[in-house]
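For reference, the structure discussed in these notes is given below.
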Amino acid sequence: MNSTEVILQADKIQKIFPSKEGDVRAVDGVNLDLISGEVFGLVGESGCGKSTLSRLLLRLLDSSGGSIKFKGEDITGFDKKQLKMLRRQMSLVFQDPHTSLNPRMTIYDNLARPFKVHNLAEGREEITVEIVRLLKSMGLQAEHMIRYPHELSGGQKQRVVVARALAVDPEVVFLDEPTSALDVSVQAKILKLLAKIKDEKDLTYFFISHDINLIRVISDRIGVMYLGRMVEQGEVAGMFKEPMHPYTRGLFSSVPEPTPARKLDSVLMGEVPSPVNPPSGCHFHPRCPEKMAICEQESPVFNYRQGRKVACHLYNLD
Amino acid sequence: MMSPILDINDLYLSFSTEEGELEAINGLNLEVEQGKIHGLIGETGCGKSVTGRTVLGLFDSNTMIKGGEILYNGDDLLSKTQHELQRDYRGNEIAMIFQDPGSSLNPVFKIEDQLDEVLRIYQPGKKAERRKKMIAALNAVKLPDPERLLKKYPHQLSGGMKQRVMIALNLACQPSLLIADEPTTALDVSIQAQFINVLKELQKEIDITILYITHDMAVVSEICDQVSVMYAGRIVEDVSMEDLFNKPVHPYSKLLVSSVLGPETNIDNLVEISGSVPRLINPPPGCRFHPRCEHMKPECKEEPPVLKEVAPGHQVACFKEDLS
Ligand SMILES: Nc1ncnc2c1ncn2[C@@H]1O[C@H](COP(=O)(O)OP(=O)(O)OP(=O)(O)O)[C@@H](O)[C@H]1O
Ligand SMILES: Nc1ncnc2c1ncn2[C@@H]1O[C@H](COP(=O)(O)OP(=O)(O)O)[C@@H](O)[C@H]1O
Ligand code: SF4
Ligand code: SF4
Ligand SMILES: [Mg+2]
Ligand SMILES: [Mg+2]
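Sequence lines, in order, name chains A and B.
Heads up: the first sequence at position 73 corresponds to 218 in our numbering, and the numbers run straight through without jumps.
Heads up: the second sequence at position 203 corresponds to 1452 in our numbering, and the numbers run straight through without jumps.
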């Protein structure tokens, strides 16, 4: 991390989806500071609101409450024209490389779109120069331009997807499970490449993954989400050495270590309940081995504790 | 030594495709010992799933068996008809769990009806007797409140519960061999951990043998006793789980082990594996790994190396001089 300048900030951001069964509180009042130049890793079980949070921060989805600031400017009420500018500053790499490229268009046409939409290059010649430069920077060749997505391997496709996100020369890139569909061998290459590009271009990454071992490798700081809320946030080394929130502890202890001598012992029990009518007080209380009386009644506040931010009554009792 | 429950010898299997013959399984040798959790690992496209399905005789229509035998307790499954496989083996002797739990359960039937349908084949007669078995199977996979669960439809269950119902469905007929093909790939780590613990306990309690197909090395270290490393249609190393991690011998096994993300891994020391699994239409001759191998020598391109014992319970297929 080069500085501690906050590039993106969310304040009590919220997203409620109406549904037949009731309101889905997908993101339920999240506070977040993204620091310029960092890799922020976001973890949490499926359905905890990770993708929704990133789409809110990108302003691809309108929030139901709270505010978002990009470089100090409130972007919550941005209009179409302002959003178009914002799309050049923040971009997104999707969960699945197999569906995020248009299968009927060549790689050239897939990559040319952002250049055209944002008038970043004009005419076929200029765009071609830019695309070749992008492909090369991603370890691909110019000849890949004329291919269709199905002619590329999973790893090559994912490089094209990353290339497209970088076409607009953004400052913040959101990566939602960018390697989960890939083999370990391919995954390592993409991760190295992402790290290299980040250093060259001074980018900030917001990285979502189910793979907690992977998040540990690439992140500077991590956030843990449970049922729409941020429950813990801190520097990666400290978080793994001593996770504080009972959910973080359970989640981390459920990750198998790739060493023969270490076996799983106390794993996180139960499953994420429905975000329609979530449990009262601390959402985690039905699964928490350290639950106290207060936990069912009051939501814990997301507070600083020992250089960490934690939302748990265990740390509010002093 | 005990005779293995599953013993695959020199299996060759191809698919006919528009572009030509795809040689998916190419001289595969695999022995699974009774009562063990045996891992089958390798990158995507190495032939792990095809191997698993072939044991059960589940063939795609373009499949060509080119040779070999699959002995189950000494009987060659490849010589059986589909009818014999269905009647004598599938479900009651050998069961299989697939990657996507949702798609294997029928959405329009209650869990009870689906379990009963499987059980009825082997145990016609009183429903009440079968119901006891269902409850026992659901209890075995640690599903709470089995009575109520039987009344539910698949969409009312979470991914983790569906996966456990699938195992229950497979255990209901008490098979001796369970083939699990990437059963946790689509699941959260928490559900995966619960699933792993259920499998481990089951294996102790009911002495079932499990062939566990995965590409996740951390899962391998968690539950496997013995491991076969597969590359482009062949087993290249057969080794105890501990030795796979501590002293892998085959250059491909070494790559897989080095790619593991451990607590000490960071972005700088993260190992990049070069190359990828070759296309299996006109695959590289000789040792199929040779285009990616730093120990390659001229003879590697001529004949495929066969599995040789390098230590008790440890076999390697490689021409390298120093196999240690
Ligand atoms: N458009 C929508 N309408 C209704 N509910 C939605 C919608 N989008 C998401 N949700 C719900 O919001 C919650 C959070 O979903 P989200 O996709 O953000 O989770 P996630 O943490 O990214 O999960 P995963 O790890 O599986 O990708 C889930 O309960 C989901 O079903
Ligand atoms: N029905 C089929 N027709 C043609 N090729 C197939 C068919 N089924 C599998 N294959 C090919 O066989 C090889 C092995 O596949 P698979 O067993 O699914 O690999 P793994 O499970 O190790 O990822 C791959 O090259 C795959 O594309
Ligand atoms: S607030 Fe209470 S229930 Fe929630 S995590 Fe902390 S101790 Fe557990
Ligand atoms: S047989 Fe030759 S090419 Fe194959 S793994 Fe051994 S040394 Fe490498
Ligand atoms: Mg998501
Ligand atoms: Mg497979």
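By construction, the Cβ of each residue, glycine as well, lies at the ideal position given by its N, Cα and C atoms.
Closer than 9 angstroms at the C-beta level to chain A, one finds these residues of the segment 1458-1488 of chain B: H1464, D1465, M1466, A1467, V1468, V1469, S1470, E1471 and I1472. Residue contact check for L359/A against chain B: a CB pair falls below 8 angstroms.
Against chain A, the beta carbon of I1445/B has neighbours under 8 angstroms at P401 and L409, listed in chain order.
When the beta-carbon positions are compared, V421/A and S164/A come within less than 8 angstroms of each other. Boundaries of the beta strand (DSSP E) around T349/A: T349 to I353. If you draw a straight line from the Cα of F1444/B to the Cα of I1286/B, it comes to about 14 angstroms. Between the alpha carbons of I161/A and M250/A lies a gap of roughly 35 angstroms. Taking C-alpha positions only, I252/A is separated from K1449/B by approximately 46 angstroms.
For F1494/B, at least one C-beta of chain A is nearer than 8 angstroms to its own C-beta.
Non-local beta-carbon contacts of D1456/B in its own chain, meaning distances under 7 angstroms to residues more than five positions away in sequence, involve G1284 in chain order.
Approximately 19 angstroms separates the beta-carbon atoms of Y293/A and P259/A; this is outside 8 angstroms, ruling out the contact.
Counting along the chain, no beta strand (DSSP E) covers F1444/B; the unbroken alpha helix (DSSP H) around it starts and ends at V1438 to I1455.
The beta carbon of P403/A is closer than 7 angstroms to none in its chain, skipping five residues each way along the sequence. If you look at M1313/B, you'll find it in the beta strand (DSSP E) that goes T1312 to Y1321.
Here A287/A is exposed. Its C-beta has fewer than 16 other C-beta atoms within 10 Å.
Put simply, of M437/A, F397/A and E387/A the residue whose alpha carbon is nearest the alpha carbon of M370/A is F397/A. Here Y460/A carries a helix assignment [DSSP, helix/strand/coil]. A residue is called buried once 16 or more other Cβ atoms fall within 10 Å of its Cβ, and I276/A is buried on that count.
Counting only Cβ-Cβ distances below 8 angstroms, I1516/B has contacts in chain A at L336, K337, A340, V362 and I363, in chain order. V313/A carries a coil assignment under DSSP once its states are collapsed to helix, strand and coil. Taking every protein chain shown into account, the CB of L1418/B has 16 or more other CB atoms within 10 angstroms, so this residue is buried. Using a C-beta cut-off of 8 angstroms, the segment 1421-1431 of chain B makes contact with the segment 1457-1467 of chain B, since at least three inter-stretch Cβ pairs fall below that distance. If you draw a 10 Å sphere on the C-beta of R361/A, you find 16 or more other C-beta atoms in it, and that means buried. A residue is called buried once 16 or more other Cβ atoms fall within 10 Å of its Cβ, and N1388/B, having fewer, is exposed. Between S1298/B and chain A, the shortest Cβ-Cβ separation is not below 8 angstroms. Among the residues of chain B, those whose CB is under 7 angstroms from the CB of S330/A are E1292, S1508, I1522 and S1525, following chain order. At a cut-off of 8 angstroms between C-beta atoms, E416/A counts as an interface residue with respect to chain B. Residue contact check for V1414/B against chain A: no CB pair falls below 8 angstroms. K214/A sits in a strand when the DSSP states are folded into three classes. Collapsing the DSSP output to three states places K337/A in a helix. Contact of T324/A with chain B is not assigned, every C-beta pair being separated by 8 angstroms or more. Per DSSP, the continuous beta strand (DSSP E) segment holding R374/A begins and ends at R374 to E380. When the alpha-carbon of F319/A is set against those of N176/A, R232/A and H430/A, the nearest one is in R232/A.
At the C-beta level, M1383/B and L1406/B stay beyond 8 angstroms of one another.
Ranking L1320/B, Y1480/B, G1562/B and N1495/B by CA distance to the CA of Y1501/B puts Y1480/B first. Of all residues in the segment 188-215 of chain A, only E190 and S191 place a beta-carbon less than 8 angstroms from a beta-carbon of chain B.
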